[in-house]
Each structure stands twice: as C-alpha cells, then as structure tokens.
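S.K.: Dumping the structure here so I can ask a few things about it.
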Amino acid sequence: MKELMSVYPSRLTHPEFHVLDPMTYFPNQMEIIRRALHDWNLDPDSVIFHVGITQTELPKLKAQGTEFDFIFIDGVHRAYPVMIDLQWADLLAEGGVICLHDNQPKFPGVGWSINRFLKVHSGFKRISQVQSLTILKKTGPVMAPAVRPSDLTAAKMVELPIRLRRSIQKRLGKKMVLTNST
Numbered sequence: 003m004k005e006l007m008s009v010y011p012s013r014l015t016h017p018e019f020h021v022l023d024p025m026t027y028f029p030n031q032m033e034i035i036r037r038a039l040h041d042w043n044l045d046p047d048s049v050i051f052h053v054g055i056t057q058t059e060l061p062k063l064k065a066q067g068t069e070f071d072f073i074f075i076d077g078v079h080r081a082y083p084v085m086i087d088l089q090w091a092d093l094l095a096e097g098g099v100i101c102l103h104d105n106q107p108k109f110p111g112v113g114w115s116i117n118r119f120l121k122v123h124s125g126f127k128r129i130s131q132v133q134s135l136t137i138l139k140k141t142g143p144v145m146a147p148a149v150r151p152s153d154l155t156a157a158k159m160v161e162l163p164i165r166l167r168r169s170i171q172k173r174l175g176k177k178m179v180l181t182n183s184t
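Residue numbers for the sequence shown follow the working numbering, beginning at 3 and rising by one.
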C-alpha cells in the first residue's frame with residue numbers, strides 16, 4: 003500500500019484508496035497500520051478501511067454503486083478464496099486494472115483461478131506478468147456476475163488434488179525422484 007500511495011505527490015492528486023482486510027492477523031492491526039502510514043508521511047485518514055471480507059463488504063459497495071479503476075488482490079492463495087476475491091471485478095470500470103499477487107508455482111490456486119476467469123470473460127485481457135504479479139485489464143463489457151456459482155464449485159473441487167499433492171510432497175520430502183528399476 004505504501005508504494006501505491008507514494009506514487010501520488012499529494013492527497014489532492016491521488017484517488018480514493020480502499021483497503022479490505024479482516025484486521026484479525028495480529029493484535030491492534032488497524033492501529034499499527036495507521037501508525038505505519040503516518041511514519042511513512044502518508045495520511046492514514048486518506049485510506050478508507052473496510053474491516054471485513056469480500057462476502058460481507060462487496061455487497062455493501064455494490065449496493066452503493068461503487069466503481070473502481072484499480073483493484074489489487076493479495077489474499078488467501080487457494081483457488082476458492084481467489085475466486086471469491088475475483089468477484090471484485092464486478093465493480094471494475096471499463097479500462098480498469100486488476101492486479102493479482104502471488105501467481106507462482108508455489109500457489110497453483112492463484113494461476114488456476116486467473117486462467118478460469120480469463121476463459122469465461124472475453125472482456126478481460128492479461129496485459130502483463132511481472133514476477134508473481136499478474137495484471138488484467140477490463141477491455142470491454144462483461145456479463146455479471148464476474149464469478150459464477152459454477153466457478154466457485156470448480157474452485158473448491160480443484161483444491162482437493164492440490165492439497166493432496168502438497169501433503170504427499172511434505173511427507174516424502176520436496177524432492178521426489180522416480181526411478182525405473184528394470
């Protein structure tokens with residue numbers, strides 16, 4: 003957040019910054035974040051904090067007719083939670099950008115969710131991949147909802163084999179060697 007907010011020279015020139023977080027990761031999280039913003043010479047009052055999760059906050063913002071030009075997603079890295087968070091695409095303005103963090107082999111659910119989302123929505127294009135950051139742009143109209151119930155069901159189903167493979171790798175060690183004894 004610091005880097006994104008620091009791009010703008012003053013409060014008068016930057017857009018509204020909204021942050022969604024359950025604020026349950028450590029004690030006094032909100033207080034610590036606000037103090038850090040202040041220490042970085044950023045006004046904590048210039049950030050609109052939504053304390054909650056997608057399922058509770060997204061409907062409120064939809065009802066208010068809120069629209070965003072930029073959305074940054076960096077939540078739980080499994081397919082189902084990523085697919086839940088991709089529902090924010092319903093609030094993205096045409097020409098807007100969604101950035102998803104941690105699209106890398108270590109978190110296969112992120113990549114799976116992005117690929118499924120792009121297959122369904124021709125109005126979104128992958129415009130860049132910078133290290134583990136995937137950048138999608140809304141290039142045209144999109145049928146709502148951005149994420150359908152079938153996408154959420156598929157995401158739950160894909161998590162089982164991913165978790166199973168990860169569990170086996172932990173038990174056998176990261177490096178598995180297959181040999182042919184014939």
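Each residue gets a CB set at the ideal place from its N, CA and C atoms; glycine is no exception.
Which residue spans inside the segment 12 to 100 form an unbroken beta strand (DSSP E) run of at least 3?
M.R.: The segment 12 to 100 contains these whole beta strand (DSSP E) runs: 19 to 23, 49 to 53, 70 to 75.
S.K.: What's the gap between the Cα of Tyr-82 and the Cα of Phe-70?
M.R.: If you take the alpha carbons of Tyr-82 and Phe-70, they lie about 23 Å apart.
S.K.: Report, in whole angstroms, the separation of the C-beta atoms of Arg-128 and Leu-135, which I expect to be a contact under 8 Å.
M.R.: That pair is no contact at about 11 Å.
S.K.: Excluding sequence positions up to five away, which residues of its chain have a Cβ less than 7 Å from the Cβ of Thr-58?
M.R.: The answer is none, since no qualifying residue turns up.
S.K.: Identify, in the order they occur along the chain, each residue of the same chain with its Cβ nearer than 7 Å to the Cβ of Phe-109, setting aside the five sequence neighbours on each side.
M.R.: Closer than 7 Å at Cβ, skipping near neighbours: His-79.
S.K.: Can you tell me where the beta strand (DSSP E) holding Thr-136 begins and where it ends?
M.R.: Residues 135 to 140.
S.K.: Let me check one thing: in DSSP terms, what residues is Arg-128 bridge-paired to?
M.R.: Note: Arg-128 sits in a beta bridge opposite Leu-138.
S.K.: Exposed or buried, Leu-162, counting other C-beta atoms within 10 Å across all chains shown (16 or more means buried)?
M.R.: By the 10 Å Cβ count, Leu-162 comes out exposed.
S.K.: Is the CB-CB distance between Thr-56 and Gln-89 below 8 Å?
M.R.: For Thr-56 and Gln-89, yes; Cβs fall inside 8 Å.
S.K.: Would you kindly work out how many angstroms separate the C-alpha atoms of Leu-94 and Lys-172, rounded to a whole number?
M.R.: Straight-line Cα distance between these residues: approximately 39 Å.
S.K.: Going by other Cβ atoms of all chains shown within 10 Å of its Cβ, with 16 needed for buried, is Asn-182 buried or exposed?
M.R.: Residue placement at Asn-182 is flagged as unreliable, the pLDDT there being 48, under the threshold of 50; the coordinate-derived value follows with that caveat. Exposed is the call here.
S.K.: By Cβ distance below 6 Å, which residues in the same chain neighbour Glu-96 in space, the five residues on each side in sequence not counted?
M.R.: Lys-140.
S.K.: List the DSSP bridge partners of Leu-102.
M.R.: In DSSP, Leu-102 forms a bridge with Ile-75, Thr-136.
S.K.: Suppose the cutoff is 8 Å on Cβ atoms and the five residues either side in sequence are ignored; what does the same chain contact list for Val-160 look like?
M.R.: Ala-81, Gly-111, Trp-114.
S.K.: Classify Gly-113 as helix, strand or coil using the three-state DSSP reduction.
M.R.: Correct three-state label for Gly-113: helix.
S.K.: By Cβ distance below 8 Å, which residues in the same chain neighbour Val-53 in space, the five residues on each side in sequence not counted?
M.R.: The answer, listed in chain order, is Asp-23, Pro-24, Met-25, Met-32.
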